[in-house]
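What follows is one structure encoded as structure tokens, with my remarks underneath.
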Amino acid sequence: MNEQNDLMILDAVERYIRGEMLPDERLHFENLRKSNSEVDQLVVEHTLFLQQMNRYAERQDFRHTLHDVHNGLSEQGTIDIEPAKRGRVVHLWQKYKKVVAIAATIAGVTAIALSMLVNTVAPVTKDPKVIELANKVNEIEIKTDNLDKKIQHVDNKTNTTHNTDINMAVNVYGTGFLIDPKGMMITNAHVVKNSRNIYVENNRGERFRAIVLKLDVSRDMAIIKIDDDRFKPFSALPYGIRKTTSELAEPIFTLGFPREEIVYGEGYLSAKTGFNGDTLSCQISVAANPGNSGGPIFNRNGEVIGILSTKETKTEGAVFAVQSKYIFQALEELKGNPLYKHVQLSTRSSIGGMDKVQQVKKVQDYVFMVKGD
Amino acid sequence: MKEAINEKELLKGLARNDKNAVETIYREHYKIIQTLIINNNGLADDARDIFQEAMIVLYEKARSGDFELNCQIRTYLYSVSRRLWLKRLQQLNRYSSDLVSTDNVVAVEDDLEEHNRRDAEFDMMNKAMGNLGEPCKSLLEAFYLKKKNMQEIATDFGYTNSENAKTQKYKCLVRLKKLFFSHYKK
């Protein structure tokens, strides 16, 4: 199923549920539903979703009505009891104005006298704690200022993404995966190299901004990093990254986003070198489509052995992948930057003994759709 | 008897989100709730929140088809508000064992349980919508909330034709469903 297909099916499901189909089409669709359990499942799920959406819409509308009515009545003065109360306070104030004034004066004079007394009696040392505190307050103020700026910055950035979002035609997209739990990711250079704004999206639909840290066009590899406060770092990655070359015929699987949904594919390592004997890459046999680019290739131990990159147009099923050992090299080159000096790649995988279904379940949260414009 | 008929009509209006019905109920019952809240450590703003939430409970009950109110609207709103306010006080650690109340109350626990469930669902959708970002949020709101058709949406959002708008709406919808169900299915 490609994206166009998905769109048509969801569109049909929605029109079916909303009762917008003509009798002929409806009959046809009902037959499809009976014969195809995936479609049936989608109808059930979407019915629930639309029901939730309707309730949401109804409640929003009702809230608006409540809001309008409240404001209307409040302007007319029909529902406020405040004026009566305020009236009483004003009345009291007028009655005891003089007494209050005298009391305040006495209190004021006493306070001044007392503070003078304290000043003369108390030792004149400056308490360092107080100064420290003040500095802290200052610091905090500066920090909040910075935060404000950052937020504004992010706001601006998101605004620009949103505007460009509309022109989906210029967007490129691919796949990427985390190489450290704090948001550093690998994807293909060709996915991000011509993009001004990049964002990544997980399979739960959550979208984060990302920036390019390193672009290596010759190896078709890019290191990017999630740069978004809403991203919560993981404690560890479930998979390791393999340092050595893999064996021929080793079974592999991939995860990627050839469409809006994460897609699994499996195959085997078919050659230790890539196109025309390219030693940077290797050849795998797996179904891949545009959008799979940059996706991880796992072996059966749940180790990343490569990054899916290109597909030979003439031979069906021949896909090339950048070997994972170059991830280590690319990262070494990045370590000139003190910010990333301490990033360590894990070579140990915690999902080695699991069956494939479990493995995929564990790793799919760490694989993202990468979009750029 | 006449009053009972009136109340029935009012509830029907309420279920249709009819502004006149809402205003009539508001006008007749707001003050008594306001007094209840203010006499029990609340402010005018609290009264407004509590009354509006009680109205939502009543609205949802009125919409649920088989609904029959076995007490007056006044008693119902009063009972719901009283429960809601007790709960709020508890959350604020200002719990008082009972409220100073003057009116009759009826049992509303079941209705409130249903309300809480719907409240949680509403929050999930609200959050999913909030995380969607623009232009997706406005686009889906235009379609599902404002009930605009794809042609109007294409014009409003500057798409060249309704097919393009449809493609974009599809992409947004897929994301919204993911965001929503990732919480809903837990």
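Protein chains in written order, with the working numbering: chain A, 1 to 373; chain B, 1001 to 1186.
Glycine included, C-beta positions come from ideal geometry on N, C-alpha and C.
Contact check, residue i vs residue j, beta carbons under 8 Å
i, j, result
"B:A1054", "B:V1080", "yes"
"A:V343", "A:D180", "yes"
"A:G176", "A:V200", "yes"
"A:L308", "A:K214", "no"
"A:A222", "A:D228", "no"
"A:F298", "A:I262", "no"
"B:W1085", "B:N1149", "no"
"A:G174", "A:G294", "yes"
"A:S281", "A:F320", "yes"
"A:E332", "A:Y239", "no"
"B:L1145", "A:Q51", "no"
"A:P296", "A:V367", "yes"
"B:L1139", "B:F1157", "yes"
"A:R55", "B:R1117", "no"
"A:G306", "A:Q323", "yes"
"B:T1167", "A:L339", "no"
"B:M1124", "B:Y1184", "yes"
"A:I79", "B:K1019", "no"
"B:L1014", "B:Y1078", "no"
"A:G372", "A:N197", "yes"
"B:R1083", "B:L1112", "yes"
"A:I241", "A:I327", "yes"
Buried or exposed by the 16-neighbour rule on C-beta atoms within 10 Å, applied to residue i
i, result
"A:T244", "exposed"
"A:K225", "buried"
"B:Y1076", "buried"
"A:A249", "exposed"
"A:G77", "exposed"
"A:N292", "buried"
"A:K341", "exposed"
"A:Y264", "exposed"
"B:A1021", "buried"
"B:L1176", "buried"
"B:L1092", "exposed"
"B:N1006", "exposed"
"A:P290", "exposed"
"B:K1169", "buried"
"A:V357", "exposed"
"A:K182", "exposed"
"B:Q1090", "exposed"
"B:N1126", "exposed"
"A:E260", "buried"
Reduced DSSP category for residue i - H, G, I as helix; E, B as strand; rest coil
i, result
"A:D127", "With a pLDDT of only 47 at A:D127, under the threshold of 50, the placement of this residue in the model should not be trusted, and no figure is reported."
"A:N71", "helix"
"A:D216", "strand"
"A:M185", "strand"
"A:N159", "Residue confidence is low: A:N159 scores 43 on pLDDT, short of 50, so the model does not pin down where it sits. No coordinate-derived value is stated."
"B:P1135", "coil"
"A:E266", "strand"
"A:I79", "coil"
"A:T47", "helix"
"A:A330", "helix"
"A:I198", "strand"
"B:E1163", "helix"
"A:C282", "strand"
"B:V1108", "coil"
"A:A318", "strand"
"A:V343", "coil"
"A:V367", "strand"
"A:E303", "strand"
"A:G176", "strand"
"A:S37", "helix"
"A:I297", "strand"
"A:T310", "strand"
"B:A1021", "helix"
"B:G1013", "helix"
"A:G291", "coil"
7 Å Cβ cut-off: residues of chain D touching residue i
i, result
"B:N1131", "Among the protein chains of the structure shown, namely A and B, there is no chain D."
Given a limit of 8 Å on CB to CB distance, which residues of the stretch 1011 to 1024 of chain B reach chain A?
N1017, K1019, V1022, E1023
Quick check on the DSSP output: what are the complete beta strand (DSSP E) runs of length 3 or more inside the stretch 200 to 264 of chain A, in order along the chain?
Along the length of the stretch 200 to 264 of chain A, whole beta strand (DSSP E) runs at least 3 residues long occupy 207 to 216, 221 to 226, 251 to 256, reported in chain order.
What residues from the stretch 1052 to 1081 of chain B come within 7 Å of chain A, judged by C-beta to C-beta, listed N to C?
Q1052, M1055, I1056, Y1059
Given a limit of 8 Å on CB to CB distance, which residues of the stretch 1150 to 1174 of chain B reach chain A?
F1157, G1158, Y1159, K1166, T1167, Q1168, Y1170, K1171, L1173, V1174
Taking only beta carbons into account, state which residues of the stretch 48 to 59 of chain A come closer than 9 Å to chain B, listed in chain order.
L48, F49, L50, Q52, M53, N54, R55, Y56, A57, E58, R59
In the stretch 202 to 214 of chain A, which residues sit with their C-beta less than 8 Å from some C-beta in chain B, listed in chain order?
N203, R204, G205, E206, R207
Please identify, using Cβ separations under 8 Å, the residues of the stretch 258 to 279 of chain A that lie next to chain B, in order along the chain.
E260, E261
Secondary structure, beta strand (DSSP E): runs of 3+ residues fully inside the stretch 1023 to 1106 of chain B
none
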